[in-house]
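The block underneath contains the structure these notes are about, expressed in structure tokens.
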Ligand SMILES: [Zn+2]
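Numbering (my numbering), first residue to last: 6 to 362.
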């Protein structure tokens, strides 16, 4: 697949030498303020009386949730919400095991849902009793509407919709359907090179006790161990409560992106179709920057670091070596992957522009 060739967003500020630890929430606040302080203030003012609807569009594993969470961290989350279609369906699944909640949900659907299958059949699909049918878009929209009812007055980012080509028209008229008639809406396209997603899946590990996720390649822990038998390095959970638990990878993750190839292809098709549509504003988020021009656009601390490990044979201690992580983008260009906070600067500035602030 070829890349999207989105413009590179310049986050480098001339003359500013200060550097930040972008994994630290406090440092991140200072960073957001330095690089997008004016825009953050304008968005905060706008959100006191207005809202917007943003559709997050990116391939599976491109970190859609991460960027919105950081956007909310920067502007404050009292006026912005993140809605994930997957999470809504999962929470409805849970609700159905509670008799009262189920009754309330059925009543809501009987009142607000219109569509090709019965409410009963829709519930069977949600519960997984019917695995042959897909949940119709009309049911999904009714469930989203129910969620939005609880979020009145807040701007929303929607994750997971449109999921396929047949849902595209619904997304164009979504704000009218949901009663957000005059609120601006826009698409947020997220482009992450496939090698970045592939490597992240292949190197991800979790703590078996607290489930904290890490990556042996791009998100190391403070302490690293070495297994004499397998001759492999492993991460040790940072949380003292876990008693130096050894982090492990999930089965199937070694396949990387290939395990989700068919989903990736649908996501790619949806993105390319939406990119060609007129009349709706578009935001472009680009996760990678070609190595040869990176210095002009970003600061070093905004680039995802890569970790390597070395065993000191004399002390049997593991040394962690940090370098700049280099991957190839979808056009084969040697690139760096940006840390999520740096990509979020592009989101904040483009939202500000689209809202005309
Ligand atoms: Zn742990």
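Beta carbons: idealized from backbone N, C-alpha and C, even for Gly.
Look at the segment 33 to 94 and you find these whole runs of beta strand (DSSP E), each 3 residues long or longer: 58 to 63 and 85 to 89. Inclusion of residue 112 and residue 106 in the CB contact set at 8 Å is not warranted, their separation being larger than that value. With a cut-off of 7 Å, the C-beta of residue 226 is classified as distant from ligand 1, since no heavy atom of the ligand falls inside that distance.
Residue environment for residue 63: buried (at least 16 other C-beta atoms within 10 angstroms of its C-beta). The residues 345, 346 and 349, in chain order, have a CB closer than 7 Å to that of residue 75 in the same chain once the five nearest residues on each side in sequence are set aside. Those residues that bring their Cβ nearer than 6 Å to a heavy atom of ligand 1 are 212, 214, 215, 217, 242, 244, 247 and 250. Linking residue 185 to residue 41 through their CA atoms gives a straight-line distance of about 27 Å. For secondary structure counted as the beta strand (DSSP E) over 3 or more consecutive residues, the segment 250 to 291 holds these complete runs in sequence order: 286 to 291. A Cβ-Cβ distance of about 6 Å is found for the pair residue 292 and residue 342, placing them in contact under the 8 Å criterion.
The DSSP assignment places 104 to 117 and 124 to 131 as complete runs of the alpha helix (DSSP H) inside the segment 100 to 144, in order along the chain (cut-off: 4 residues). Scanning the segment 297 to 334 from its first residue to its last, the whole alpha helix (DSSP H) runs of 4-plus residues come out as 299 to 302. Residue 199 is bridged by DSSP to nothing; it lacks a bridge partner. Per DSSP, reduced to three states, the secondary structure at residue 210 is strand. In this structure, the alpha-carbon of residue 174 lies about 38 Å from that of residue 28.
In the same chain as residue 147, and ignoring 5 residues on each side of it, the C-beta atoms closer than 7 Å to its own belong to 114, 117 and 118, in chain order.
Its chain contains no residue whose beta carbon lies nearer than 6 Å to that of residue 267 once the 5 sequence neighbours on both sides are disregarded.
CA-to-CA, the gap between residue 194 and residue 43 works out to about 23 Å.
Minimum Cα-Cα distance from residue 278 among the listed residues 320, 192, 325 and 243 corresponds to 192.
Looking only at 215, 212, 213 and 219, the smallest Cα-Cα distance to residue 204 is reached by 219.
In this structure residue 331 is exposed. Its beta-carbon is surrounded by fewer than 16 other beta-carbon atoms within 10 angstroms. The DSSP-derived three-state label of residue 241 is strand.
Looking at the DSSP output, residue 218 shares a beta bridge with 211.
Taking the CA atoms as reference points, residue 287 sits about 22 Å from residue 334. Judged by DSSP secondary structure, residue 353 falls within the alpha helix (DSSP H) whose first and last residues are 345 to 359. The C-alpha of residue 241 lies about 22 Å from the C-alpha of residue 261. Ranked by Cα distance from residue 153, the first of 361, 84 and 168 is 84. The C-alpha of residue 180 lies about 10 Å from the C-alpha of residue 59. Taking C-alpha positions only, residue 150 is separated from residue 86 by approximately 14 Å. DSSP places residue 174 inside the alpha helix (DSSP H), whose first and last residues are 173 to 177. Per DSSP, residue 341 is one residue of the beta strand (DSSP E) stretching across 339 to 342. A residue is called buried once 16 or more other Cβ atoms fall within 10 Å of its Cβ, and residue 212 is buried on that count.
Close CB contacts of residue 307 within its chain, under the 8 Å cut and outside five residues either way in sequence, are with 16, 27, 343, 344, 346 and 347 (chain order).
Counting the other Cβ atoms within 10 Å of the Cβ of residue 215 gives fewer than 16, which makes it exposed.
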